[in-house]
């Protein structure tokens with residue numbers, strides 16, 4: 014079948030990408046980066062650039078600090094999300110990144126807030142993040158098929174395009190419900 018005809022090329026690209034990442038993680042440069050990051054964190058020289066206002070934020074109670082951080086992230090998501098219906102794929106991806114940051118921040122501070130409400134909010138953020146991720150996957154799949162030189166007229170490409178169009182439509186509907 015046509016799907017089987019493109020599989021070797023896609024598997025080869027995946028193997029090449031995995032090998033590249035493994036080489037990077039095993040490199041001296043990556044080890045040096047981790048050591049430098051540890052040193053930077055330990056020496057706390059990053060505090061020198063914060064100024065008085067930044068240092069004051071670090072000295073306030075964690076509950077106040079966390080509430081400010083979460084409110085800032087939530088506001089960014091809300092402002093960007095208000096234009097959701099007009100967004101293109103790149104803008105939806107940017108929104109997904111903001112949702113992801115908010116989700117991670119909520120998970121980091123989860124113990125500081127009422128558990129039931131916080132976990133429900135995190136669950137909703139996770140659903141929204143997954144939904145936006147699936148929409149992005151559909152776009153990335155198109156780009157990967159282009160890179161693999163899978164022509165538009167092939168049965169495999171038409172099947173994948175149709176599948177992704179259906180997925181994108183379903184996730185758009187779901188995202189409007191979640192929003």
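In our numbering, the protein residues as written are 14 to 192. All C-beta atoms, glycine included, are put in the ideal place defined by N, C-alpha and C.
Taking 8 Å as the cut-off, the beta carbon of residue 105 is found closer than this to the beta carbon of residue 149. Per the coordinates, the alpha-carbon of residue 113 lies some 13 Å from the alpha-carbon of residue 94. Look at the beta carbons and you see the stretch 132-152 touching the stretch 115-123: at least three pairs across the two are nearer than 8 Å.
Residue 96 sits in coil when the DSSP states are folded into three classes, being neither helix nor strand. In the three-state reduction of the DSSP assignment, residue 58 falls in the helix class, which pools H, G and I. Per the C-alpha coordinates, the member of 102, 183 and 190 positioned closest to residue 152 is 102. With respect to the 8 Å criterion, residue 125 and residue 173 are not classified as neighbours on the basis of their beta carbons. Residue 132 and residue 180 have their alpha carbons spaced roughly 27 Å apart. Residue state for residue 124 is assigned as helix, using DSSP reduced to three classes.
Apart from the 5 residues on each side of it in sequence, residue 79 sits with its Cβ closer than 7 Å to the Cβ of 122 and 125 in its chain, given in chain order.
Spanning the alpha carbons of residue 22 and residue 32 requires a straight line of approximately 15 Å. Distance between residue 67 and residue 61, taken at the CA atoms: about 10 Å.
Per DSSP, reduced to three states, the secondary structure at residue 74 is coil, with no helix or strand assignment. Taking every protein chain shown into account, the CB of residue 111 has 16 or more other CB atoms within 10 angstroms, so this residue is buried.
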